[in-house]
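Numbering (this note's numbering), first residue to last: 104 to 157. In this text, a Cβ means the ideal position worked out from N, Cα and C, and glycines have one as well.
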């Protein structure tokens, strides 16, 4: 359980660091959704790797 909490805290910290620049560079709505989908895939890959390492 503690490992899951640490993973969530880590992902939230990364989001807090990346989100301001991410929002400022995505003026166009289509570009925003494209970049958001890329980041969603990256986060899913990280979560899968974390569970596979366990």
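Tell me the rounded alpha-carbon separation between residue 134 and residue 121. Counting from one through the chain shown, the residue named residue 134 turns up at place 31. Counting from one through the chain shown, the residue named residue 121 turns up at place 18. Going from the Cα of residue 134 to the Cα of residue 121 covers about 16 angstroms.
inquiry  = Taking the straight line between their C-alpha atoms, what separation do you get for residue 147 and residue 108?
reply    = In the chain shown, residue 147 corresponds to position 44, counting from 1. In the chain shown, residue 108 corresponds to position 5, counting from 1. Cα to Cα, the separation comes out at about 16 angstroms.
query: Would you say the beta carbon of residue 156 comes nearer than 6 angstroms to a heavy atom of the ligand HEM?
result: Questions concerning the ligand HEM fall outside what the structure shown contains, since it holds no ligand whatsoever.
Residue 153 beta carbon less than 7 angstroms from that of residue 110
Within the chain shown, the letter at position 7 stands for residue 110. Within the chain shown, the letter at position 50 stands for residue 153. In this structure, residue 153 lies closer than 7 angstroms to residue 110 by Cβ.
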